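Chains as they are written, first to last, in the working numbering: chain A, 1 to 813; chain B, 1 to 430.
Only one structure is covered here, and it is reproduced in the block below.
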């Protein structure tokens with residue numbers, strides 16, 4: 001068993017695309033399908049089972065029809081058993097590569113999928129018909145008989161075993177014994193799905209990625225050239241600072257580097273960075289007597305400036321790994337540099353902490369700008385007393401992108417028992433897209449195993465299966481072993497652990513002469529791993545969609561398993577294709593954005609007709625972005641549409657960020673994606689407050705300067721004339737377009753509904769005796785002057801804007 | 001639970017894709033708009049000791065030198081059916097085991113010898129929270145029971161940490177600050193003031209009606225599943241949020257300092273106001289790889305004091321009888337100290353329950369002197385080394401679903417636990 005595991009693991013790393021199932025994540029090996037086209041038309045498979053078995057038993061097939069691949073094999077045998085179970089070992093590089101029962105990964109090559117599925121069916125058929133002691137070899141082997149190398153894979157009462165039993169009976173021409181075979185004729189995956197117009201796509205992109213509405217020029221380009229214009233516009237968007245702010249925020253969601261313990265400067269260790277508290281020299285109170293210090297309260301301008309300096313420095317330190325990402329993307333550098341860059345990013349402030357400001361001063365455009373970053377190599381580390389110097393033939397710290405980032409390593413510290421394994425887990429998750437802990441293999445009794453073996457992680461097969469992979473990589477981090485978050489760089493005092501597999505990757509040991517640059521060695525190999533490209537596409541998918549791509553379905557008893565599998569495979573196929581183009585484009589991450597925003601998954605907007613079949617519903621369950629805006633995104637959208645910040649959702653004092661599903665990168669690390677009642681309340685607060693703040697203000701401006709009401713005045717009252725009604729409707733169309741991104745006609749039902757709201761409020765107000773004909777004291781004052789509202793249209797428009805801001809079209813993208 | 005037609009709408013909307021809002025419910029909603037959803041119990045609270053508690057210093061004492069340095073075997077305390085590790089002499093704050101069991105022993109059901117199967121934080125947390133080790137899709141028990149029993153209330157599932165997956169059945173809510181509840185309660189007032197509304201009442205009324213009409217119109221439209229689900233959830237969230245106005249009456253003026261007590265105040269105010277079904281309460285730092293005894297002697301009393309606080313306050317609010325309390329951790333500690341005077345991860349542990357429908361003063365299961373699991377018979381619940389089974393989280397979760405009366409709910413069926421009939425702990429609750 002132990003040898004099997006070792007072999008599996010070795011295979012897993014050499015056959016990268018058959019790589020993650022050994023961690024229980026049956027993903028990559030089953031991953032490459034695009035639209036699921038495995039099935040061929042097989043009218044017989046749609047017949048009732050008994051009729052089919054009697055009229056066209058597979059055992060009687062001759063000639064070409066033998067090669068017809070039916071739904072039963074594709075959906076049941078292959079989808080639920082072969083792909084998930086047998087393929088793990090029975091492939092050309094797998095543990096059972098010397099077996100005659102060799103299968104092909106259907107998902108790996110779209111061009112040869114049909115051929116592969118036919119090959120696999122033939123292999124299954126051969127195993128099913130071969131008999132030992134009057135019983136199918138397939139059934140005996142899978143249950144652990146006939147000296148099966150993989151021991152018992154399926155229990156006799158399991159669903160998988162029953163599927164194979166049924167397959168054997170069908171092969172043998174016996175009457176089928178299972179439930180009716182699905183008669184679902186799946187349409188092409190995107191059949192019946194409406195895509196958003198290029199104009200609407202443009203609005204989503206500029207709001208999402210650049211925090212602004214499209215320019216007139218951009219709108220014109222899209223009107224003229226449609227989707228073809230998007231690439232060029234995105235090229236421009238991806239030069240804007242707002243895009244990089246969004247990019248940093250999004251990658252922090254993934255990496256959580258902002259959330260390391262302590263102040264920002266604590267990423268720099270006491271041992272190696274004497275000047276890390278350089279700001280203390282600028283303390284206006286330094287050296288003053290207690291009495292004099294009292295003369296400088298925190299409200300004093302000097303203290304305010306000093307506090308800001310510290311805050312900027314700390315923020316700058318935290319931002320450093322994300323600035324690396326910005327630099328790589330902005331300059332079209334290969335995104336593999338996030339694990340290979342032989343530099344880091346320093347600002348005038350952070351370089352002071354590193355003790356490098358003086359030598360870099362001339363390279364900064366503005367040496368007082370705390371957020372101007374330049375790529376820099378830092379010198380090899382030296383202990384505080386100068387006695388210990390980091391080994392480095394180059395004289396520089398052996399940078400390897402994020403892998404050697406002090407912030408990244410501090411965010412994921414280690415302990416004497418963890419031994420860098422958390423870092424390995426993060427390495428897999430962040431750079432290869434594999435979550436080692438997602439689906440840990442079940443063991444019978446971990447406590448007993450722990451007690452039974454002296455070194456379970458090296459001896460117990462159940463432990464070795466993961467530790468053989470993890471521990472060598474943990475060894476690559478061995479020089480970054482100041483435990484408990486008290487520092488970063490420094491080897492273990494007693495030498496690296498002997499009760500762990502030696503440092504390396506896969507079957508390759510770290511050469512002794514590469515030890516000083518072990519993480520560079522790891523980064524170089526990571527950049528060549530095909531999983532890297534896939535993982536990065538998945539990251540961008542997350543950035544754009546607000547959720548991670550689908551995981552493969554797990555429960556083969558689920559009646560919707562096949563539909564969910566198709567959804568997964570179609571999505572995965574899209575990701576794989578984009579990963580291929582990403583790699584071909586020298587890992588320019590902008591390519592991934594450009595490809596994904598054009599994908600049908602991103603552009604899907606609606607359905608041509610209602611879907612009632614639960615299988616089709618399951619297939620379409622993850623189609624379309626439909627993402628509730630994060631607090632940060634909502635703030636940016638409000639700013640873009642109204643021209644001023646609300647700031648309540650992101651301001652620390654307001655304390656609404658976490659309530660509205662935001663994260664703190666430390667303890668709250670997953671964004672909430674569905675609105676609770678608390679969030680519903682915040683949406684009401686927001687819509688009330690924004691309407692309150694902006695409606696009267698907008699009307700107080702010249703029409704040409706208004707964002708909300710450029711074509712109407714408060715004197716236009718509903719019911720007074722047809723012209724007035726037309727004017728109000730056009731004002732509503734404008735509001736729908738500006739706030740919701742809708743392109744409504746004057747007589748659209750949504751316009752009609754908004755009109756009725758507006759007119760209804762005016763009518764109610766008129767019918768209310770004694771209602772003040774001035775605007776609201778709280779909302780309708782401009783320059784401290786309360787506006788009149790003689791026709792009650794001001795409060796009606798405020799009601800309309802409140803109503804629109806509560807809508808799905810506004811709060812979601 | 002008080003339900004009106006209106007609540008049916010909210011619930012349907014809140015359940016999203018599983019049961020989208022229908023036209024008839026919308027119509028009823030408009031007719032009964034003055035009703036707001038409310039949930040009267042039972043209330044479910046999961047206390048989680050994140051990081052892995054040392055059960056030999058709590059409800060499964062050993063008192064042998066290799067395992068416990070702070071007490072001897074002969075010092076083990078008995079309280080009714082319970083055996084507990086004495087710690088009153090070693091703690092500086094919080095509630096001692098002695099006091100905790102003295103107060104709650106008659107209510108407590110302890111299960112010793114729970115098999116977490118693996119011993120890593122992440123999968124163990126998931127397993128303990130959901131009853132399913134190898135899936136990211138399953139909801140936690142707290143989320144599931146909230147979805148089944150009261151998804152329409154605005155804070156149906158409150159969480160303060162721990163694994164909190166919802167299975168897409170119900171939104172989770174995080175309310176980290178007690179003061180936030182007051183602010184949320186008056187969303188239509190300027191700066192949260194009910195005396196200073198943003199709009200006249202008739203304006204708000206018009207807005208709500210327009211939103212309801214819009215929702216009704218959308219029901220008949222062909223929509224992508226995600227659009228359908230999210231529109232329903234958004235509508236429900238905003239509509240149901242008005243029920244938060246009931247919370248203010250129960251928000252304490254002062255917030256306690258203790259971590260769990262702060263969480264408990266938010267939860268209890270939400271329970272009492274009928275806006276919450278379940279909650280995850282959580283404190284961390286139990287992962288005592290170094291200096292186990294020092295850390296556990298600090299954290300276990302803090303943890304128990306949190307439970308005590310919640311129960312006592314619930315008595316004051318007259319909802320104690322409605323509480324179901326689960327007291328757990330994602331793993332236990334090794335029966336031996338390591339070289340740092342700490343203890344590492346151990347996959348055999350314990351869990352405690354108390355509250356509505358649970359007969360207390362009982363201890364089920366056991367671990368042996370080396371802290372290995374002793375199997376129990378699932379029917380008799382007695383020790384049975386020959387025919388007994390290893391109790392795992394799925395057994396516990398199925399029993400919890402039974403206790404909550406949701407085992408046959410369609411949501412529970414979507415996430416089957418696959419415990420055979422023979423292995424079900426049908427008499428667990430007594």
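For each residue, glycine too, the CB sits at the ideal point set by N, CA and C.
Bear in mind that the values here come from a model prediction, so they are computed numbers and not experimental data.
Secondary structure of residue i, DSSP reduced to three states
i	result
residue 392 (chain B)	coil
residue 189 (chain B)	strand
residue 503 (chain A)	coil
residue 346 (chain B)	strand
residue 251 (chain A)	helix
residue 208 (chain A)	helix
residue 688 (chain A)	helix
residue 373 (chain B)	strand
residue 409 (chain B)	coil
residue 303 (chain A)	helix
residue 73 (chain A)	helix
residue 672 (chain A)	coil
Within-8 Å CB hit, residue i to chain A
i	result
residue 372 (chain B)	yes
residue 187 (chain B)	yes
residue 33 (chain B)	Because the pLDDT of residue 33 (chain B) is 40, which lies under 50, any placement of that residue in the model is unreliable, and the question is left without a value.
residue 177 (chain B)	yes
residue 15 (chain B)	For residue 15 (chain B), the predicted structure reports a pLDDT of 38, less than 50, and the residue's modelled location is therefore unreliable. A value from the coordinates is still provided. It does not: the Cβ of residue 15 (chain B) has no partner Cβ on chain A nearer than 8 Å.
residue 161 (chain B)	yes
residue 149 (chain B)	no
residue 391 (chain B)	no
Option in the options with minimal Cα separation from residue i
i	options	result
residue 114 (chain B)	B:376, B:144, B:430	B:376
residue 79 (chain B)	B:67, B:207, B:308, B:101	B:101
residue 218 (chain B)	A:749, A:804, A:267	A:749
residue 700 (chain A)	A:775, A:659, A:335	A:775
residue 333 (chain B)	B:365, B:130, B:295	B:295
residue 622 (chain A)	A:78, A:601, A:678	A:601
residue 481 (chain A)	A:471, A:460, A:414	A:414
residue 256 (chain A)	A:170, A:95, A:321	A:321
residue 134 (chain A)	A:168, A:105, A:262, A:203	A:168
residue 328 (chain B)	B:47, B:59, B:126	B:47
residue 604 (chain A)	A:197, A:555, A:76	A:197
residue 235 (chain B)	B:174, B:153, B:252, B:122	B:153
residue 485 (chain A)	A:465, A:407, A:803, A:448	A:407
residue 266 (chain A)	A:203, A:305, A:411	A:411
Separation of residue j from residue i, as counted between CA atoms
i	j	result
residue 235 (chain A)	residue 593 (chain A)	10 Å
residue 303 (chain A)	residue 283 (chain A)	8 Å
residue 250 (chain A)	residue 670 (chain A)	12 Å
residue 247 (chain B)	residue 268 (chain B)	10 Å
residue 240 (chain B)	residue 182 (chain B)	16 Å
residue 422 (chain B)	residue 401 (chain B)	17 Å
heavy atom of the ligand SAH below 7 Å from residue i C-beta
i	result
residue 569 (chain A)	Inclusion of the ligand SAH in the displayed structure is not the case, the ligand content being empty and no account of it being possible.
For residue j and residue i, believed in contact at Cβ under 8 Å, the rounded distance
i	j	result
residue 676 (chain A)	residue 805 (chain A)	Between residue 805 (chain A) and residue 676 (chain A) the Cβ distance is about 19 Å, and since that is not below 8 Å, they are no contact.
residue 587 (chain A)	residue 431 (chain A)	Their Cβ separation, rounded to whole angstroms, is 12 Å, which puts residue 587 (chain A) and residue 431 (chain A) out of contact at 8 Å.
residue 258 (chain A)	residue 665 (chain A)	4 Å
residue 715 (chain A)	residue 791 (chain A)	7 Å
residue 378 (chain B)	residue 424 (chain B)	6 Å
Closer than 7 Å at the beta carbon, the chain C residues around residue i
i	result
residue 545 (chain A)	Absent here is chain C; the protein component of the structure consists of chains A and B.
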